[in-house]
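Read the structure below first, then the notes.
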Amino acid sequence: MSAGIRRILPQLLTLLAVVALITAFFPSFLSVEMVDGRLVGSAIDVLKRGAPVALLAVGMTLVIATGGIDLSVGAVMAICGAAGAWAISNDYPLVAALLIALAAGLACGLWNGVLVALVGIQPIVATLILMVAGRGIAQMITEGRILTFSHDGFAFFGSGTIFGVPTPVILWLAVGILFTLLVRRTALGLLIESVGINRRASALSGVNATVLLVFVYMASGICAAVAGIVATADIRGADANNAGLWLELDAILAVVIGGTSLLGGRFSIIASLIGAMIIQAIDTGILLAGFPSEYNLVIKAGLVVIILVLQSPRLSPRISAALSRRRKEPAPAGSATEARE
Amino acid sequence: MLLSIRGLTKSFPGTRALDGVSFDLRAGEIHALLGENGAGKSTLIKCLTGVYERDAGEILLDGRPVAPQSTHDAQTLGIGTVYQEVNLLPNLSVAENLTFGRQPSRAGLVQTRKMRAQAEEMLSGYGLDHVNVAQSLGAYSVAVQQIVAIARAVALSGKVLILDEPTASLDSAETEMLFSVVRDLRERGLGIIFVSHFLDQVFSLTDRLTVLRNGQHIVTAETAEVSRLDLIHHMLGHELEEAEHRRHATKTAQQSVLTFDGTGRRGKIAPFDLTVSRGEVIGMAGLLGSGRTETADMLFGRTPPDSGKAHDDDGPVSLRNPREAIAAGFGYAPEDRKTDGIIGELSVRENIALALQARRGWWRPLPRAEQRELAERYIERLDIRTSGAEKPVGELSGGNQQKVVLARWLAMNPRFLILDEPTRGIDVGAHAEILRLIGEVVESGMSILLISSELDELVAASDRIIVVRDREHVAELVGEDIETDAIVRAIAASDAPAAAPAAEVAR
Amino acid sequence: MNTRALPLYATIAIFLVAYLICWIQFPAMLSTRVIGNLLTDNAYLGIVAVGMTVVIISGGIDLSVGSVIAFSGVFISVVLRDTSLHPLVVFPLLLAVTTLFGAAMGGLIHGLGMPPFIVTLAGMFLARGAAYMLTIDSVPIDHEFYDTLRRLYWLMPGKGRLTLLGIVMLLSVVVGMILAHRTRFGTSVFALGGGAHTARLMGVAVGRTTVLIYAFSGFMAGLAGIVFSIYTASGYPLATVGVELNAIAAVVIGGTLLTGGSGWVVGTLIGVLTMGLIQTYIVFDGSLSSWWTKIAIGALLLMFILLQKGLLALGRQQFAGTAQT
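Below is the structure:
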């Protein structure tokens, strides 16, 4: 357990620092009140508004752990939101509408997974196809309009509360915990990491890399579906153009902040979730500070560069060498990069 | 003397790749550099071409000490290299590859016509008149690409030409084409270092040869004065003539556990028959590239067989992929443990548990306590030197990494374990331990296919030995016949036209 | 025949067939008027796609270009609004900024050894954020010189207008073709895409080339920004969101291998025109909905990726065949 905490410590400290900074300027940031049976406050707002990125980050973590990337999650969100909204506005029962949305997400994930694992297309290229075409599909479902509906049951997933806590917060926590349990209480996590680090050696040890790859893209698809339901329910309408727009980039950023290498390998869903909250806290903090919300793009860019420098394969050996004051011998031929082929 | 190397030494963590090696190259000679994998050939070449920095020793070119810092540096000094994997760019045209970095240009624009003319001139004398230099290099056969690479290296360097396994993927006509080019270059006064594991080619092409083994210089001699037999002796080495045989009195009436009938794969290894008995060690001898690793890859379903069938007492055994092979009770510790064996960033514990876990399925995780217990047990049993079970396996030394891979398979308790060069590049102590371990596990009934280029090791550990040559199983030695000389003779018996095909291997 | 050129032929064939279909259904589509509009409407995309082609041939990707175009428009409009500088002074200033910006990204990619994807993602955020910092509103450009630029065109036979914007795009394509296919730099770009390791062995200055590649892409994005600002006569920080995706799609549909090492700048022009043609067709049809554009582009992308995957596999098979026999 202590190893688990040590793993997420940098992210936790960063989040605490961000929160402390905001609170220093706006002491009300952390104050939470109960109004009309629901919790209200800036901190709660952060948790709620960060839900879509947090949900996407869960699936994205698994995809990135295999050395892949899923650019299509924003478009898949739009598709699933549109599918759910379409079903609910055509008087399907709530459960059916939710199932249709989730099934759409699974189908999109399956498509990506097949292109990557069976056809053998590079992940960034394979998921680009759905990223481009996906919004068109979503628009086709909504017929180009913002497909609005009035169904309190469906809207509950966006704006409802459970014991005062906004439903989206419960959802991302639940999905995060569910997937953490799924991969850590079974051997999935180990097998995903092993494929991400060295697919050849894993296959020779009997790991079914193909099935695992399809699985992670389907997991990403279903997380995108839940995010799509939340986004659609929140505004009581499916906006095929804007739902989930550019959220894939935020999700990737959350995973990278969470310390999972883009080259694959060791991953932590919890760290990615904290990463998502860091992004949202900065977002909200800038808003509170009275800056136009657009300033956070520049801050995000700075954040990315800092993380890149820290993770850089060229610089980090030197940094860690400087820190530990002992130089490691360079590995002889046949380095890790070859092993990843 | 064109090139002199004196006392060259280079170490990597855990191994000494080159140990005071000396080497001479005259102008106008073709000098073969020989040795098995891990003998130090490629390290020597990399020190020579500036890829590695040497720890000690000196390199003299035309009598002047040189210290190339990069391949480019070596090129300008006059040392050009052509690798087995053509180090040119197949997506560029032949002309661009030849003139790269020196394309004729005016006002910033490449003068295409002039560039092509230059390229054609560079290629003249290499017998490549049919080649269209405007075509992309990738459109031509590997042989043509090799010769283009040589033409470029000669034009750039012009003193020493290193050919590193240039013929590995060529057919005989192409090889002959390449050789006539190389002979021409010798006439022009270049010193040529020729690395190859094809002994026929060494004898037909080279003037002198040098053998390395375990990072040490073994012998340098005129090629004409060395017999094929002596050469193989030098390469494989067998100082311990009276190596202790494990038990050569072949146990009779062994119960067979696996039978392969006519198993083979086109282009990899000719069909062969093989019966594996319970608790026996089958050694496999042969030179690099003879079909040893190909046999192992095929039996484990990595490049599945396209002919023949395998069966055990219960019926046919399917080997279409590694998972099926594992399900059939096979295990495989591959030759290249860095790329095919270990999962570097995972811990020792996870690496050991991996195959077991993959077989159980993801939904039945091996409890952490059991994994730890498993890891602790094998760390102790195999004497894996690590600060703990949670240390990333990539941080261990080569020998200990090998032990982790072995532990992964022993934990599966397979009935048939394939070990491809299990002792390569590891220190003497670990070496002995792995041999002891082999003896131990076969006592419990496991069968082992042991592939090795160390004859002593094979003789000491095997119950019988299969010799492979030119991608074919050519001989089988049993009982009293198991001795290094017999193996060397079987390997050396070149051109014995189908004298000892599969029939002899079959029982 | 060189099988590597097959994607280019496929691109040209698809464009011609598509145009033929359009013409059969709507004879009016075969007119210089439509062609002129096609070039004008897609000028900024064509220009930025030329830069993207070079980046992709080198095995990289540049996600920042859409944001850089938006930044350029905002930069120009704000400077023109707040100062008395002439556009002809502002343009070089802007191009210097975007070129340096691209060069800095190239430097980071090489210096940090990080994937271009994530570095240019940071660039995307930065450029968009910088645009927001200048203004969050749409700023109209009201300068007589702009009116002059917008009125410049050559009346083609058939009353079609080849505008200045279209001409700038065609010139960019020509410059891109020369740069990629006729200079040492271009050869180095192809070499990098063929394999950075081998390229280094052959003497490519990998760092310098990488910086130049992204600097070129930055320059082209700046030029596209100028063209876009002329086209819309305004600067708006929310403009051209997602243009990087269209540019990448145009490059791939143009027959360039997304993994690098092989491609044609002229193919990219045809890719841009094909995408424009689909949109024009939908406008002419009137009953088809706009989302079919995206789906059609996605389908074309899939087709080209599969085609190239197949060609690679075919090549490898041939290679294996020659190696064995």
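Residue numbers (the working numbering), protein chains in the order written: chain A, 1 to 341; chain B, 342 to 848; chain C, 849 to 1173.
For every residue, glycine included, the Cβ atom is placed at its ideal position computed from N, Cα and C.
None of the values given here were measured: they were computed from a predicted structure.
Check, Outcome
"Beta bridge counterpart(s) of GLY605(B) as assigned by DSSP", "SER648(B)"
"DSSP state of LEU1160(C) mapped onto helix, strand, coil", "helix"
"Given 8 Å, three or more beta-carbon pairs between the segment 515-531 of chain B and the segment 441-455 of chain B", "no"
"Span of the alpha helix (DSSP H) around PHE1038(C)", "1032-1042"
"Proximity below 7 Å, CB of PRO166(A) to CB of LYS48(A)", "yes"
"Closer than 8 Å at the beta carbon, the chain A residues around PRO964(C)", "By Cβ distance, chain A contributes nothing, its closest Cβ being about 10 Å from PRO964(C), past 8 Å."
"Chain B contact for MET1025(C) (CB, 7 Å cutoff)", "no"
"Residues in the segment 671-682 of chain B having any Cβ partner in chain D nearer than 8 Å", "No chain D is present in this structure, whose protein chains are A, B and C."
"CB contact check: ARG1056(C) to chain B, cutoff 7 Å", "no"
"C-alpha distance - GLY649(B) paired with TRP750(B), whole-angstrom precision", "26 Å"
"Cβ of LEU308(B) within 7 Å of any chain A Cβ", "Chain B is shown from 342 up to 848; residue 308(B) falls before or after that span and cannot be answered."
"Anticipated Cβ contact below 8 Å, VAL1023(C) with ALA975(C), distance rounded", "23 Å between Cβ atoms; not a contact."
"Beta carbon of ALA243(A) nearer than 7 Å to that of THR142(A)", "no"
"DSSP three-state assignment for TRP246(A), whether helix, strand or coil", "coil"
"Length of the line joining the Cα atoms of ILE170(A) and LEU12(A)", "20 Å"
"Buried/exposed call for LYS1007(C), threshold 16 Cβ in 10 Å", "exposed"
"Where PHE1064(C) meets chain A, residues with beta-carbon distance less than 9 Å", "Residues of chain A passing the Cβ test: none, with the nearest at roughly 21 Å."
"Identity of the residues DSSP links to ILE400(B) by a beta bridge", "ILE346(B), VAL407(B)"
"Cutoff 8 Å; reference SER150(A); Cβ partners in own chain excluding five residues on either side", "ARG236"
"Short CB-CB distance (under 7 Å) between ILE197(A) and chain B", "yes"
"Amino acids of chain B, ordered along the chain, whose beta-carbon sits closer than 9 Å to that of SER1110(C)", "ASN432, SER477"
"Three-state secondary structure assigned by DSSP to GLN698(B)", "helix"
"VAL658(B) beta carbon less than 7 Å from that of PHE757(B)", "no"
"Distance, GLU248(A) Cα to ILE278(A) Cα", "16 Å"
"ALA801(B), enclosing alpha helix (DSSP H) - first and last residue", "796-802"
"7 Å Cβ cutoff, ARG135(A) in contact with chain C", "yes"
"Interface partners of LEU1106(C) on chain A, CB under 7 Å", "VAL125"
"Contact residues within the segment 888-910 of chain C, judged by C-beta distance below 7 Å to chain A", "none"
"Alpha carbon of CYS108(A) to alpha carbon of VAL392(B), nearest angstrom", "46 Å"
"Neighbour flag for LEU115(A) against chain B, beta carbons, 7 Å", "no"
"Between the CA atoms of PHE353(B) and PRO332(A) - distance to the nearest angstrom", "Here PRO332(A) scores only 37 on pLDDT, less than 50, and its place in the model should not be relied on; the value that follows carries that caveat. Going by the C-alpha atoms only, they are around 7 Å apart."
"Residues from the segment 1033-1045 of chain C in contact with chain B, defined by Cβ distance under 9 Å", "PHE1033, GLY1034, THR1035, SER1036, PHE1038, ALA1039, GLY1041, GLY1042, GLY1043, HIS1045"
"Extent of the continuous alpha helix (DSSP H) run through TRP871(C)", "854-873"
"Interface residues of the segment 58-69 of chain A facing chain C [CB-CB below 7 Å]", "none"
"Nonlocal neighbours in the same chain, by C-beta distance under 6 Å from ALA979(C), ignoring five residues either side", "ALA918, PHE919, VAL922, PRO1085"
"ASN555(B) versus ALA773(B) - alpha carbon distance", "16 Å"
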